[in-house]
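For reference, the structure is listed below as structure tokens.
Residue numbers (this note's numbering): 113 to 348.
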């Protein structure tokens, strides 16, 4: 199976933008050993509704806390998440709420880690056999033209292969597990970590990077949907 990195298309026709955030989110957790927060920017689960959860107010405001406090909240919220997920610091839950502007394509990455589709495109892809978990968004449009958009929920799966880090990969922190290092210029997927159960997933070690299977890419190209472009990534 072939895999492709999903990136935003460039040009004057692709200007969709959202100023907003999900309703709830885990705080950042400052590690006492490495001094960093093992953040999971991009990790978001809009299908997870915490509105009836007793601890929801503790996740209502973005903030930085000691690592132990983040771990306490992570373990509590894990009981509310009906699927396997890393739940890294900064992981978000519930609908995306905010203001929308610009011109929206069939599929958009208004930031590199959040994939948005028009509602009718979600339906077309599902009918074509692509399994998508997509949630409605609570948006106010700055223009008179409103578009029904859905956020595609993308779960974490594979990792990059160690060989694509020329200087060697950093050792993970012994306390929080954070493994630093910039995203490599020539990424390679570690085939041992790919499960093959999702047509869209984000990398577990670089949660801002979205990967699509060949099947998803072929389906999008067959219908001529615009807004994103694909770059193949080799697998070892």
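We treat Cβ as the ideally placed atom computed from N, Cα and C, and that holds for glycine.
* To do: Check whether the Cβ atoms of residue 321 and residue 117 lie closer than 8 angstroms to each other.
  => yes
* **Of the listed residues 299, 277 and 150, nearest to residue 286 (C-alpha basis)** => Nearest C-alpha to residue 286: 150.
* Asked: Is residue 350 buried or exposed, if buried means 16 or more other CB atoms sit within 10 Å of its CB?
  -> Look at the range of the chain in this structure, 113 to 348, and you will see that residue 350 is not part of it.
* **Bridge partner(s) assigned by DSSP for residue 256** => DSSP lists no partner for residue 256.
* To do: Give the straight-line distance between the Cα atoms of residue 297 and residue 125, rounded to the nearest whole angstrom.
  => 27 angstroms
* To do: Rank 283, 236, 272 and 299 by C-alpha distance to the C-alpha of residue 337 and give the top, closest one.
  => 236
* Asked: Can you check whether the CB of residue 189 is closer than 8 angstroms to the CB of residue 199?
  -> yes
* To do: Kindly identify the DSSP beta-bridge partner or partners of residue 119.
  => 341
* Alpha carbon to alpha carbon, how far is residue 191 from residue 333? -> 39 angstroms
* To do: Decide yes or no for the touch test of the stretch 242-254 against the stretch 206-221: beta carbon pairs closer than 8 angstroms, at least 3 of them.
  => yes
* To do: Can you say whether residue 313 is buried or exposed, counting buried as having 16 or more other CB atoms within 10 angstroms of its CB?
  => buried
* Beta-carbon proximity of residue 113 to residue 308, cut-off 8 angstroms -> yes
* Classification of residue 220 by the beta-carbon crowding that lies within 10 angstroms, buried from 16 upward -> buried
* Determine the contact status of residue 341 and residue 303, defining contact as a CB-CB distance below 8 angstroms. => no
* CB residue 270 to CB residue 316, shorter than 8 angstroms? -> yes
* To do: Determine the burial state of residue 243: buried for a count of at least 16 other Cβ atoms within 10 Å of its Cβ, exposed for fewer.
  => exposed
* What is the rounded straight-line gap between the Cα of residue 214 and the Cα of residue 283? -> 42 angstroms
* Candidates 172, 310, 300 and 306: which alpha carbon is nearest residue 266's? -> Selected option, being the one with the closest Cα: 310.
* To do: Could you round the C-beta distance between residue 153 and residue 319 to whole angstroms and report it? I think they count as a contact, below 8 angstroms.
  => 6 angstroms
* To do: Quickly, what does DSSP pair residue 347 with across the bridge? List them, please.
  => Paired residues: 301.
* **Per-residue DSSP class, three states only, for residue 275** => Secondary structure of residue 275 (DSSP, three-state): helix.
* Contiguous alpha helix (DSSP H) assignments of at least 4 residues, all confined to the stretch 216-271 -> Fully enclosed alpha helix (DSSP H) runs of 4 or longer: 231-239.
* Burial state of residue 328 (16 or more Cβ within 10 Å) -> buried
* To do: Tell me where the alpha helix (DSSP H) around residue 125 begins and ends.
  => Where residue 125 is concerned, there is no enclosing alpha helix (DSSP H), given that its DSSP letter is neither H nor E.
* **Continuous beta strand (DSSP E) stretch holding residue 312: start and end** => 312-314
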